[in-house]
Amino acid sequence: MSEDRILTTISFLAKYAQQQREHYFAAGRPLNASDRTTMQPFFSAALLSRVRIVEMAGRQIEEPPFYPEARARGVQLPQVNHMSSITFVDALVFTEGVKIRDLFHALVHATQFEIFGLAGYIDLYVRAFFKVNRTILVPLEAHAFELDTRFSANSADIFSVEGEVWRWIREGRYGLRSHAGTVTQS
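One rule links them: number in my numbering = place in the sequence shown (from 1) + 66.
Pasting the structure below:
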């Protein structure tokens, strides 16, 4: 995959993610009290106050408009229209209702977006996806699955998701590239 094709994909996906964030955030609702209480030990109060939840009631998330062109060029991207949830920065969209483990997973991604920013997150995701060609193997996704599994196995085992993301950054597990120096812990 050429660097130009990667950069074009990153640009399209970042623009799409920003548009979707704006659309869904405006239609979303805050976390309910029960979910906030459950998630409070793992996530910052600021993040839990900021995120918005959208329930699609069984409707699928529409495929990004540039996907057909990408497929025609031989680029295979994750199929968003088959996902049960997707995180657009701080807008958490669920197609089949909000299940606690899925909420935790989406909040991990919201934390990653908070740390890397939209451009950094999309850059990491796209570059990793083109290397491994499977969503589950993308480090951002693998880490979210690892943490939601840990939470599901024992929700009494309290840990900071933000701290875990910073640990993976320090250990180089996200595969940071050119913008590695721009991510700094506050």
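From the three backbone atoms N, C-alpha and C, an ideal C-beta is built for every residue, glycine too.
None of these values were measured; they are calculated from a predicted model.
For P107, which residues of its own chain have a beta-carbon under 6 Å away from its beta-carbon, when the five flanking residues on both sides are left out? I224
In this structure, how does DSSP classify E135 when only helix, strand and coil are distinguished? helix
Have a look at S115 and D156 and give me their C-alpha separation to the nearest angstrom. 10 Å
Can L158 and G94 be called in contact, C-beta distance under 9 Å? yes
What residues in its chain sit with their C-beta under 6 Å from that of V120, if we drop five residues either side in the sequence? Y90, A93, G94 and V159
If we ignore side chains and look at the alpha-carbon of each, how far apart do G163 and L169 end up? 10 Å
Taking C-beta to C-beta, are Y82 and P131 nearer than 9 Å? yes
Using DSSP with H/G/I as helix, E/B as strand and the rest coil, what is T153? strand
Applying the criterion that 16 or more other CB atoms from any shown protein chain within 10 Å of the CB defines a buried residue, is T103 buried or exposed? exposed
Tell me the start and end of each unbroken beta strand (DSSP E) in the segment 193-219 that is at least 3 residues and wholly inside, in chain order. none
Mind checking whether T161 and G124 have CB atoms under 9 Å apart? yes
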